[in-house]
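Novice:
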Amino acid sequence: MSRFFSSKYAALEPYTPGEQPMDMDRYVKLNTNESPFPPSQKALDYAANNTRTLNLYSDPNSYDLTCAIAKTYGVDKDMVLATNGSDEILNFAFMAFTDQKTPALFADITYGFYPVYAQLNNSAVEIVPLREDFSLNVDDYIGKKGTVFIANPNAPTGTAIPVSEIERLVASDPNRVVVVDEAYVDFGGESSVSLVKKYENVLVCQTFSKSRSFAGGRLGYGIGSKTLISDLNTVKYSTNPYNINSMTSAMGIGILSDPDYTKANCKTIMENRAFTVAGLKKMGFKVLPSSANFIFVSSDRIEGGAYYRSLKEKGVLVRHFDKARISNWCRVSIGTRESMQKYLDVTEQILKERT
13 MSRFFSSKYA
23 ALEPYTPGEQ
33 PMDMDRYVKL
43 NTNESPFPPS
53 QKALDYAANN
63 TRTLNLYSDP
73 NSYDLTCAIA
83 KTYGVDKDMV
93 LATNGSDEIL
103 NFAFMAFTDQ
113 KTPALFADIT
123 YGFYPVYAQL
133 NNSAVEIVPL
143 REDFSLNVDD
153 YIGKKGTVFI
163 ANPNAPTGTA
173 IPVSEIERLV
183 ASDPNRVVVV
193 DEAYVDFGGE
203 SSVSLVKKYE
213 NVLVCQTFSK
223 SRSFAGGRLG
233 YGIGSKTLIS
243 DLNTVKYSTN
253 PYNINSMTSA
263 MGIGILSDPD
273 YTKANCKTIM
283 ENRAFTVAGL
293 KKMGFKVLPS
303 SANFIFVSSD
313 RIEGGAYYRS
323 LKEKGVLVRH
333 FDKARISNWC
343 RVSIGTRESM
353 QKYLDVTEQI
363 LKERT
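Letter by letter, the sequence shown follows residues 13 to 367 of this note's numbering.
1) Apply the 10 Å Cβ neighbour rule to residue 178 and answer buried if 16 or more other Cβ atoms are within range, or exposed otherwise.
2) Note down, in chain order, each residue of its chain lying with its Cβ closer than 6 angstroms to the Cβ of residue 81, except the 5 sequence neighbours on either side.
3) Within this structure, are the beta carbons of residue 328 and residue 21 separated by less than 8 angstroms?
4) Could you name the residues that DSSP lists as bridge partners for residue 308?
5) Taking the alpha-carbon of residue 356 as reference, which of 140, 114 and 290 has the nearest alpha-carbon?
6) Between residue 132 and residue 76, what straight-line distance do the alpha-carbon atoms span, to the nearest angstrom?
7) With a cut-off of 8 angstroms on the beta carbons, I'd call residue 307 and residue 362 a contact; round off their distance for me.
8) Given a threshold of 16 other Cβ atoms within 10 Å of its Cβ, counted over all protein chains shown, does residue 155 qualify as buried or as exposed?
9) Should residue 134 go down as buried or exposed, given a rule of 16 or more other Cβ atoms within 10 Å for buried?
10) Which one or two residues does DSSP pair with residue 218 in a beta bridge?
11) Alpha carbons only, please: which of 210, 209, 280 and 215 is nearest the one belonging to residue 194?
12) Thinking just about the alpha-carbon of each residue, which of 298, 218, 360 and 224 is nearest to the one in residue 100?
13) Between the C-alpha atoms of residue 182 and residue 253, what's the straight-line distance to the nearest angstrom?
14) Assign residue 365 to one of two classes, buried (16 or more other C-beta atoms within 10 Å of its C-beta) or exposed (fewer than that).
15) If you draw a straight line from the alpha carbon of residue 160 to that of residue 367, how long is it in whole angstroms?
16) Give me, in chain order, the residues of the same chain whose beta-carbon lies closer than 6 angstroms to that of residue 311; leave out the 5 immediate sequence neighbours on both sides.
17) Buried or exposed: where does residue 98 fall if 16 or more other Cβ atoms within 10 Å of its Cβ makes it buried?
18) With DSSP as the reference, label residue 150 as helix, strand or coil.
19) Are three or more beta carbon pairs between the segment 162-174 and the segment 118-128 nearer than 8 angstroms?
20) Measuring CB to CB, does residue 331 end up less than 8 angstroms from residue 343?
21) Just grab the DSSP bridge partners of residue 159 for me.
22) Under 8 angstroms by Cβ, that's how I've got residue 74 and residue 261 pegged, so tell me the actual separation to the nearest angstrom.
23) Compare the C-alpha of residue 347 against each of 148, 319 and 41 and name the closest.
24) Taking residue 225 and residue 351 to be in contact with their CB atoms under 8 angstroms, please state how far apart those CB atoms are, rounded to whole angstroms.
25) Terminal residues of the continuous alpha helix (DSSP H) containing residue 177?
26) If we call anything under 8 angstroms between Cβ atoms a contact, is residue 115 one with residue 87?
27) Which residues in the same chain as residue 63 place their Cβ atom closer than 7 angstroms to its Cβ, once the five residues preceding and following it in sequence are excluded?
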């Protein structure tokens, strides 16, 4: 830290992203929940044919993209805000709807960026622990003051709660915002987008990074009432009005024009998830129920950190977290059938070496 660094950020603990090794060819990469499939050719062709001349600024309103997202979900375009990944819409929500008087409420085991955004924006925080089985119960949030952030399905656990429970939480207090982070919803979760037409205090955040095979494009969006989106636009236009570049915007429209490709990939990933879970359970692993493109696994035969290191030594990358409550667990992204078979084979080899 230099002597010039502002004291207001001196204690900031930044988010730690998953490993992105330079020698990628050495690994089966199952650590960052990316899609194993490229964007569709139809999407690539659309982007190639519709990219705005790059000597001009991108459209600050992302009008065509916003209209495409709105049409996809059957909402007005004024209920949509496109952002630089879903991380940006989440940060905007922390900026707009939390402060020292309005704390951010989120689980103890959830997306690791939530505490970072809270600290970055000098927001008060109340941590609401998951239940013993890592499930989230909305009753634990009802009656508390503050803006609620719920990842549904949750990360890194993969567990999901039904829209009826989200609605019960939203309806319990119309004077606070509930932010539903749906980065993984397309792999078996249930979206809360329908609630934005009934309630003005719910914001749903999604991304193109997972199910839509566009993690490298950094494209996300929020859907909410017109008043919430107006608030978020105030933040956006006060920070980065040209937040979506022209190429990314065109690619996003192309991806939305090919929903069958996205659905087919999601179906394959869910099939590969079931295949992997079955293989792990045969080896005695605990696997939490997952509605995401990853699984959360643990074994009594090998500690989580040792399992992660052993896999890495044998060319398979997964994600391990040092947090005490989940230190014996690893998160495993779901890839191709070949990748998952390799992961299972290596896991079996590791267990045999320890007997």
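In this text, a Cβ means the ideal position worked out from N, Cα and C, and glycines have one as well.
Specialist: Once the coordinates are examined:
1) buried
2) 92 and 233
3) Going by C-beta atoms, residue 328 is not nearer than 8 angstroms to residue 21.
4) Among the bridge pairs identified by DSSP, residue 308 is matched with 343.
5) 290
6) 32 angstroms
7) Their Cβ separation, rounded to whole angstroms, is 17 angstroms, which puts residue 307 and residue 362 out of contact at 8 angstroms.
8) exposed
9) exposed
10) 233
11) 215
12) Nearest C-alpha to residue 100: 218.
13) 30 angstroms
14) exposed
15) 46 angstroms
16) 297
17) With 16 or more other Cβ atoms within 10 Å, it is buried.
18) helix
19) yes
20) Yes; because the gap between Cβ atoms is below 8 angstroms, this pair is in contact.
21) In DSSP, residue 159 forms a bridge with 116.
22) Under the criterion of beta carbons closer than 8 angstroms, residue 74 and residue 261 qualify as touching, at roughly 5 angstroms.
23) Distances from the CA of residue 347 to each of 148, 319 and 41 were compared; the closest alpha carbon is that of 41.
24) The pair is not a contact, with the Cβ atoms about 15 angstroms apart (cut-off 8 angstroms).
25) 175-184
26) Residue 115 is not a Cβ neighbour of residue 87, given a cutoff of 8 angstroms.
27) 258, 259 and 262
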